[in-house]
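S.K.:
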Amino acid sequence: MVKICCIGAGYVGGPTMAVIALKCPEITVSVVDISQSRISAWNSDHLPIYEPGLDDVVKKCRGKNLFFSTDVEKHVAEADIVFVSVNTPTKTQGLGAGKAADLTYWESAARMIADVSTSNKIVVEKSTVPVKTAEAIERILTHNRKGINFQILSNPEFLAEGTAIQDLFKPDRVLIGGRETPEGAKAIKALKDVYAHWVPVDRIICTNLWSAELSKLAANAFLAQRISSVNAMSAICEATGADVSEVSHSVGYDSRIGPKFLNASVGFGGSCFQKDILNLVYICECSGLPEVANYWKQVIKVNDYQKSRFVNRVVSSMFNTVSGKKIAILGFAFKKDTGDTRETPAIDVCKGLLGDKARLSIYDPQVSGDQILRDLSMKKFDWDHPVHLQPSSPNSIKQVSVVWDAYEATKDAHGICILTEWGEFKSLDFKKIYDSMQKPAFIFDGRNVVDVEKARKIGFIVYSIGKPLDPWLKDMPAVA
Ligand code: NAD
Ligand code: UDX
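Sequential numbering from -7 applies to the sequence shown in the numbering used here.
(1) What is the C-beta distance between F23 and W34, in whole angstroms, given that I count them as a contact (C-beta under 8 Å)?
(2) Do you know whose CA, among M104, T155 and E153, lies nearest I132's CA?
(3) Any heavy atom of the ligand UDX closer than 8 Å to the Cβ of G259?
(4) Taking one C-beta from the segment 0 to 16 and one from the segment 159 to 173 each time, how about it: are there three or more such pairs within less than 8 Å?
(5) When the Cβ atoms of the segment 320 to 338 are set against those of the segment 395 to 404, are three or more pairs found closer than 8 Å?
(6) Going by Cα to Cα distance, which pick from P357, V243, G0 and F434 is closest to Q28?
(7) Quick one: what's got a C-beta closer than 6 Å to Y274's C-beta in the same chain, skipping five residues either side?
(8) Just reading off the beta strand (DSSP E) that N440 is part of, what are its end residues?
(9) Could you have a look at I476 and say whether DSSP puts it in helix, strand or coil?
(10) Could you give the distance in angstroms between the alpha-carbon of E335 and the alpha-carbon of F326?
(11) Taking C-alpha atoms, which residue in A231, L254 and P282 lies nearest to H241?
(12) Assess contact between the segment 286 to 298 and the segment 215 to 223, defined as three or more Cβ pairs (one per stretch) separated by less than 8 Å. Is contact present?
(13) Please classify L281: is it buried, with 16 or more other beta-carbons within 10 angstroms of its beta-carbon, or exposed?
(14) Quick check on DSSP: helix, strand or coil for F422?
(15) According to DSSP, what are the bridge partners of L465?
(16) Three-state secondary structure (DSSP) at I180?
(17) If contact is defined by three or more beta carbon pairs under 8 Å, each pair taking one atom from either stretch, is the segment 436 to 444 in contact with the segment 409 to 427?
(18) Is T330 near the ligand UDX, with its Cβ less than 8 Å from a heavy atom?
(19) Return the CA-CA distance between L346 and L352, expressed in angstroms with no decimal places.
(20) Since T80 is in the beta strand (DSSP E), which residue starts that stretch and which ends it?
(21) So A101 packs on K(-5), CB below 8 Å; how close in whole Å?
(22) When the Cα of K328 is compared with those of S369, K449, T155 and S203, which residue comes out closest?
(23) Helix, strand or coil for Q391? Go by DSSP, reduced to three states.
(24) For E172, which of helix, strand or coil comes out of DSSP?
(25) Judging by CA-CA distance, which residue of L183, W190, S308 and W414 is the nearest neighbour of K15?
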């Protein structure tokens, strides 16, 4: 009987292992983590992450063949296959700070595997890592324990938050990279057999280790590049009177381009895109490829531009000052159907508005007030380094209140910024909201969820990313 252990019970480790346990009832899966609170939550009725469909999967397997534990060493020692799904954030200090991946957590997991292992193991890189990490890990593992055979595989994860369970049930592909040796091929087959329980074999791609590691960075870079491309177009649309939704639709009809991932927005967020592109940029710079590094850097620059462009639009539309004005922020998560706020564009937009002395009233259906205040107080890149996370409640911020209702957030506000595309924002009673607001009442829709014509008929002045400008806004000073 195969035993699997996964180190790291986060957004990837938890859902991925729950699905493996569901689809492979004869395999025992243990998910381990150094965070006691995370493991307690996985063992409770309130899972540590909000992900549609996850509760059901966990309920079906937990206690049968799926276990969550802080006894990291015991479960690693007993396992045949060890997945490593720890965080690999951007370095905040030292060599490569602000770009390179911080492999501290990965390395300490690898050293622990080496220390506690008494039998052969397949070690699977699930975390997103720089190319050639497998080689470094191999050195740590083989250096410490002579006589034990460790096979390293790269098996990057492609799930997106909010749709993780569906993505895991029906992945576009599963990618497995391994050494091109007989032992490597055997290890690849063992992992392939796990996925083959539910993934058609023609969707399981096997490559060498470096191709698998690089493919993950490449996929995220390509996806983020599409968003920056359409966001760059949104700026041209606003300057010319074209409509970005119509442009996306027309462009996406070309089967070589395809219709997905062409929604203009206030900017992409999430824990992966920026971090993985910075990681790629760093690899290029270290490989003597400055032109390639600059090419990918531009994707992040356009994303930053899109966020500051949005803030400038809000301020310039409201007579060039939001000082003392109440602005309602609807949505704080980096996308709908998740409570995750890592690198959410809402942080930069809120900080920008606070910089102009606005008063913010923030509502998100899945994000706690503590989390929002912590995010607004933290420095860039600090969020994924546990050492920077304050365990206690963060201090309040004078100009920010967090409320649990969109109507409460918008009451007496001068303007509304929609920063996450939550379904419930589409069905809000905008007439009721308009009546309760200061006039003129503005909507700045960073996700194109509002019916612009309807809102304008009610009386709102509406700005929607990449849409023809409201006559009011056309007369305002140009936005840099
Ligand atoms: P996460 O922060 O949610 O989870 C990581 C967990 O690892 C944390 O709970 C942490 O306590 C634990 N951990 C760290 N060091 C440990 C150690 N030595 N021993 C035991 N536990 C340890 O991170 P995540 O979002 O799940 O991402 C994990 C990896 O997967 C990252 O490399 C990320 O880039 C990649 N990834 C993430 C996503 C996503 O949507 N979040 C998608 C694909 C890939
Ligand atoms: C991403 C990748 O999609 C996934 O394959 C990888 O494993 C992890 O990183 P995730 O960050 O969870 O997943 O969500 P994703 O759906 O990719 O959205 C990322 C950001 O881009 C969000 O802020 C989203 O709102 C934004 N986005 C997405 C757009 O602005 N426009 C789009 O058309 C699509």
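Think of the CB as a built atom: it goes at the ideal place given N, C-alpha and C, for glycine as much as any other residue.
M.R.: Reading off the structure:
(1) As a first step, residue 23 must be located in the sequence shown, where it is residue number 31. As a first step, residue 34 must be located in the sequence shown, where it is residue number 42. For the sequence presented, residue 23 should be read as Val rather than Phe. Right, the Cβ-Cβ distance comes to about 7 Å (below 8 Å), so this counts as a contact.
(2) Locating residue 132 in the sequence shown gives position 140, where the first residue counts as 1. Of M104, T155 and E153, the residue nearest in Cα terms is M104.
(3) Residue 259 sits at position 267 when you count from the first residue of the sequence shown. Result yes, Cβ under 8 Å from the ligand UDX.
(4) yes
(5) yes
(6) Numbered from 1 along the sequence shown, position 36 holds the residue referred to as residue 28. Comparing Cα-Cα distances from Q28 to each of P357, V243, G0 and F434, the minimum goes to G0.
(7) Sequence index remark: in the sequence shown, residue 274 carries index 282 (1-based). Result list for Y274: G88, K91 and A92, in chain order.
(8) Working through the sequence shown from its first residue, we reach residue 440 at position 448. N440 -> no beta strand (DSSP E), and no H or E assigned at all.
(9) Nothing about residue 476 can be reported from this structure: the residues present for the chain run from -7 to 472 only.
(10) Within the sequence shown, residue 335 is the residue found at index 343, counting from 1. Within the sequence shown, residue 326 is the residue found at index 334, counting from 1. So the alpha carbons of these two residues sit roughly 7 Å apart.
(11) On the sequence shown, residue 241 is found 249 positions in, with the first residue counted as 1. Per the Cα distances, L254.
(12) yes
(13) Looking up residue 281 in the sequence shown gives position 289. Looking at its Cβ environment, which holds fewer than 16 other Cβ atoms inside 10 Å, L281 is exposed.
(14) Taking the first residue of the sequence shown as position 1, residue 422 is located at position 430. Three-state DSSP puts F422 in a helix.
(15) The residue given as residue 465 occupies position 473 in the sequence shown. The partner list for L465 (beta bridge, DSSP) is empty, contrary to what the question assumes.
(16) As a position in the sequence shown, residue 180 is number 188, starting the count at 1. DSSP places I180 in helix when its eight states are reduced to three.
(17) yes
(18) As a first step, residue 330 is located in the sequence shown; it is residue number 338 there, counting from the start. Because some heavy atom of the ligand UDX lies under 8 Å away, the Cβ of T330 counts as near it: yes.
(19) Within the sequence shown, residue 346 is the residue found at index 354, counting from 1. Within the sequence shown, residue 352 is the residue found at index 360, counting from 1. Taking the straight line from one Cα to the other gives about 8 Å.
(20) Translated into positions along the sequence shown, residue 80 becomes position 88. T80 -> no beta strand (DSSP E), and no H or E assigned at all.
(21) Within the sequence shown, numbered from 1, the residue matching residue 101 stands at position 109. Within the sequence shown, numbered from 1, the residue matching residue -5 stands at position 3. Not a contact, Cβ separation roughly 17 Å.
(22) Residue numbering aside, residue 328 sits at position 336 when the sequence shown is read from its first letter. Checked all of S369, K449, T155 and S203; the closest Cα to K328 is T155.
(23) Walking along the sequence shown from the start, residue 391 turns up at place 399. DSSP places Q391 in coil when its eight states are reduced to three.
(24) On the sequence shown, residue 172 is found 180 positions in, with the first residue counted as 1. Coil, per DSSP.
(25) Position 23 of the sequence shown, counted from the first residue, corresponds to residue 15. It is W190.
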